[in-house]
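The structure under discussion appears below in the form of structure tokens.
Protein chains: 2
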Amino acid sequence: MLEHGGRLRAAAQRFGIPVNDWLDLSTGIAPEPWPVPAIPLDAWARLPEDDDGLEQAACACYGAAHALPVAGSQAAIQLLPRLLPAGTVGVLAPSYAEHAQAWQRAGHRLLRLAAGEIEAQLDALDALVLANPNNPSGRLFAPAQLLDWHERLYRRGGCLLVDEAFMDCTPEFSLAAHSDKPGLIVLRSFGKFFGLAGVRLGFVLAEAELLEQLRQRLGPWAVSGPARAIGLQALDESSAAARRLRGLRLQAAGQRLAALLRERGLAPDGGAALFQWLRIPDAAELHEFLARRGILVRLFEQPASLRFGLPGDEAGWQRLAQALDDYR
Amino acid sequence: MLEHGGRLRAAAQRFGIPVNDWLDLSTGIAPEPWPVPAIPLDAWARLPEDDDGLEQAACACYGAAHALPVAGSQAAIQLLPRLLPAGTVGVLAPSYAEHAQAWQRAGHRLLRLAAGEIEAQLDALDALVLANPNNPSGRLFAPAQLLDWHERLYRRGGCLLVDEAFMDCTPEFSLAAHSDKPGLIVLRSFGKFFGLAGVRLGFVLAEAELLEQLRQRLGPWAVSGPARAIGLQALDESSAAARRLRGLRLQAAGQRLAALLRERGLAPDGGAALFQWLRIPDAAELHEFLARRGILVRLFEQPASLRFGLPGDEAGWQRLAQALDDYR
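Listed in order, the protein sequences are those of chains W and Z. Here the first sequence stands for residues 2 to 329, where the numbers follow my numbering. Here the second sequence stands for residues 2 to 329, where the numbers follow my numbering.
Set out below in structure tokens:
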């Protein structure tokens, strides 16, 4: 298994600090959960039914023609490489590492590409996989650029997979509206923006035929009843104003985090609303320094860097600021 | 997608009866849900962590050496055929139809075998797949018989997959205690016995190496936080007495259902605590007759038969009895 953020139990054990005493900034998950609506007993008790309106709500919310609910976009990341014939796959690097691993395990030939290398390599690829905005770099790709790459890939029977896990605060960059084009696959995450990562919900936006293949491979009842109920409520048109407000608050929090780091001589190299990314030679030392103070951030070794998630309350902001002051 | 019980919305539309007016006996899910414990906010909000004790609780409850939690045993049914090299697979028939479909789609050669045909065909098989007790026939296979078949299969590098989705009321028939033998795979369902099918939780009991392969194919966070929290509570030793009581009540209800049918000249051909199975030439007519009265049972075409689940309250029992009286 790859290393991920959020492994608080392991950190608690390693640093001898009780789980409840940590400030966990190791994930890119919104720190304040969307209020969980009352879950009808039937959602727990009965087999989930597909025709509950969740797909339609997701389509309307994301502006897509077709949407397949999955138990977290990770479920699609695991499966998609196995639906396509073996080929040469360009994967943005650094990025969310599960993509590269899944394509490699499925028998594809992997090219890890920096953003600046994609254009030159594109015509040698059968598939291109990237996250937009990227994680952890925060780099945003322009839709026109991605649509051009998709067009060139598809002309040769290839495909473009765009993981939009962190797109909710910048919907103008989304390819959702184009996702019914053959050869274009868009992944959306529910848990990050809504701060409900434990729910396990995500969506694949793509042409209907591919979604049907995925549906068959996942089998019936792939998404839990409570996840469907929460998704329906949160993605519904009636929640649109609350979603917009949440987006604005998260963007402001992201800017505050960037400023907090910058003011301490730790100017981020990139970021999105939900995280900031910091390349520094002493990344491992700072990670350890913060962990000994019960602050967990995400350490990357290649390149040496840290990803900071958003503190969830004022005490958390102060605690992070103080610890960084102490480090410098 | 195969036909399944529990598709109440579709039935409501077809028969013009509102969803809430139905008596749904179309599944083998316990009608009274295990009381859902309070779900900690963190279970919704945070990424689920593997080291929460759920695996240990499942091992202790089922009496197995190793257990992998999955999002419903269906998730394992989808995946297991793809972990094994293509071969000849004997699948008990009739049985839960997802098994045969999954093995066929994964490229295996399928032999559909009646229970009485297994012994004669066993030495030609690379894998044998059956449910114990079987669904819908209720047939129970003796552990000694299954262990003998496993031994013979494994000697030639083959394997035995036993789906124990309906085993909770007859644990003396379970192979869980033997599930660390290479070549033996046992599936357990959480939602049926506990009446919480929407939660999506199940377990694969097998040798550690196979579970690790499955874990890698499923990827991280395959089971939701709430499902893990409920599973932990329900499978814990502290719930053992409540589980035993539930088992006794379900067995009594199963006997009541068998008697109710028998007294109306519809003696079941088999059953388990959670359902009774009735082979009759006029299965389709009786299905339709009941549906027009808002009672949904599961119709099978091959062989022509009906599966009756348990009514959840006294009004439901009376309604079923009255409808069957009216039919005869």
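Heads up, the beta-carbon is just placed ideally off N, CA and C, and yes, glycines get one too.
Collapsed DSSP secondary structure at residue i in the structure displayed
i: Z/Ile231; result: helix
i: W/Asp53; result: coil
i: Z/Ser306; result: strand
i: Z/Ala132; result: strand
i: W/Ala273; result: strand
i: W/Val37; result: coil
i: W/Trp278; result: strand
i: Z/Ile1; result: The requested residue 1 of chain Z is not part of the displayed model; chain Z covers only 2 to 329.
i: Z/Pro144; result: helix
i: Z/Phe167; result: coil
i: W/Phe195; result: coil
i: W/Arg320; result: helix
i: Z/Leu219; result: helix
i: W/Tyr97; result: coil
i: W/Arg15; result: helix
i: Z/Glu4; result: coil
i: W/Gly226; result: helix
i: Z/Asp314; result: coil
i: W/Pro86; result: coil
i: W/Pro137; result: coil
i: W/Leu176; result: coil
i: Z/Arg157; result: coil
i: W/Asp181; result: coil
i: W/Asp327; result: helix
i: Z/Leu267; result: coil
i: W/Asp149; result: helix
i: Z/Ala1; result: For chain Z, the structure presents residues 2 to 329; residue 1 of chain Z sits outside this window and is missing.
i: W/Ala31; result: coil
i: Z/Ala107; result: coil
Residues that residue i bridges to, as DSSP identifies them
i: W/Ile186; result: W/Leu162
i: Z/Gly91; result: Z/Leu112, Z/Leu129
i: Z/Leu24; result: Z/Ile296
i: Z/Phe301; result: Z/Ser306
Residues near residue i by beta carbon distance below 6 angstroms, same chain, minus five either side
i: Z/Gly6; result: Ser27, Thr28, Arg299
i: Z/Glu56; result: Ala68
i: W/Arg110; result: Thr89
i: W/Asp22; result: Gly295
i: W/Gly317; result: Leu24
i: W/Leu202; result: Phe191, Ala228, Gly232
i: W/Pro134; result: Leu141, Phe167, Ala273
i: W/Ala39; result: none
i: Z/Cys170; result: Gly248, Leu251, Gln252, Ala274
For residue i, the first and last residue of its enclosing beta strand (DSSP E)
i: Z/Gly203; result: 203-206
i: Z/Leu69; result: 69-71
Range of the contiguous alpha helix (DSSP H) that encloses residue i
i: W/Gly255; result: 241-263
i: Z/Asp237; result: Here Z/Asp237 belongs to no alpha helix (DSSP H), and DSSP marks it neither H nor E.
i: Z/Ser74; result: 74-80
i: Z/Glu120; result: 119-122
i: Z/Ala44; result: 42-46
Beta-carbon contacts of residue i that lie in its chain and below 7 angstroms, excluding the five residues immediately before and after
i: W/Ala116; result: Leu93, Arg140
i: Z/Ala292; result: Ala12, Phe16
i: W/Pro183; result: Tyr155, Glu208
i: Z/Ala259; result: Pro269, Gly272, Gln277
i: Z/Gln122; result: Gly91, Leu112, Leu114
i: W/Gly108; result: Ala87
i: Z/Ala242; result: none
i: W/Ala125; result: Thr89
Contact set for residue i: own chain, Cβ-Cβ below 8 angstroms, skip 5 residues either direction
i: W/Ala61; result: Leu236, Glu238
Partner residues on chain A for residue i, Cβ-Cβ distance less than 7 angstroms
i: W/Pro38; result: In summary, chain A is missing from the structure at hand, where the protein chains are W and Z.
Against chain Z: residues of the region 224-247 of chain W by CB proximity under 7 angstroms:
Ser225, Gly226, Pro227, Ala228
Given a limit of 8 angstroms on CB to CB distance, which residues of the region 49-79 of chain W reach chain Z?
Pro49, Glu50, Asp52, Asp53, Ala72, Gly73, Gln75, Ala76, Ile78, Gln79
If you measure beta-carbon to beta-carbon, which residues of the region 94-109 of chain Z are closer than 8 angstroms to chain W?
Glu99, Ala103, Arg106
Along the region 115-134 of chain Z, where does the CB come closer than 9 angstroms to a CB of chain W? Name the residues.
none
Going along the chain, which residues of the region 135-165 of chain W sit with their C-beta nearer than 8 angstroms to a C-beta in chain Z?
none
Output, in sequence order along the chain, the residues in the region 179-204 of chain Z whose CB is closer than 7 angstroms to any CB in chain W.
Gly196, Leu197, Ala198, Gly199, Val200, Arg201
Counting only Cβ-Cβ distances shorter than 9 angstroms, please list the residues of the region 248-262 of chain Z near chain W, keeping chain order.
none
Residues of the region 17-28 of chain Z whose Cβ lies closer than 9 angstroms to any Cβ of chain W, in chain order:
Asp25, Thr28
Output needed in chain order: residues of the region 296-310 of chain Z with a Cβ under 8 angstroms from some Cβ in chain W.
none
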